[in-house]
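Residue numbers (my numbering): 878 to 992.
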């Protein structure tokens, strides 16, 4: 997969607030780790596993932040992975590192935010 193409599609999905479109980038066994999970849900590991749990978390986030808008700054690519640097929510910059499975779907993601 082309990292630039993926990044543009991913950003557009989030900015559309269409949860089905957002989820189309992820595998059923997706595992996400982000400080936002710890902050919002109080889960010390900051990790959620499985598309159903992740979808529920993101649905609530989209409802809570109706003006969510991401702005892509930079895209880097690795072995079966990309890292996106973008303007996120709460005036934070974020770097998300996403790993792809053999079907081209993200099955693991780590998010990092500025303080």
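Even glycine gets a Cβ: it sits at the ideal position worked out from N, Cα and C.
All values derive from a computational prediction rather than experimental measurement.
For residue 982 and residue 989, the rounded distance between their alpha carbons: 20 Å
Below 8 Å on the Cβ atoms is my contact criterion, and I expect residue 909 with residue 924 to pass it. Report the Cβ-Cβ distance as a whole number of Å. 7 Å
Measuring straight from C-alpha to C-alpha, what distance separates residue 926 and residue 888? 22 Å
With a 10 Å radius around its C-beta and 16 neighbouring C-beta atoms as the bar for buried, classify residue 914 as buried or exposed. buried
Relative to the alpha-carbon of residue 959, which residue among 977, 904, 939, 902 has its alpha-carbon at the smallest distance? 977
Under the DSSP definition of a beta bridge, which residues are partnered with residue 958? 955, 976
Excluding the five sequence neighbours on either side, which residues of its own chain have a C-beta within less than 7 Å of the C-beta of residue 946, listed in chain order? Leaving aside the five residues that flank residue 946 on each side, the residues in its chain whose CB is nearer than 7 Å to its CB run, in chain order, 892.
Is it the case that the stretch 933 to 953 contacts the stretch 890 to 904, given that we only count it when at least three CB pairs across the two stretches are under 8 Å? yes
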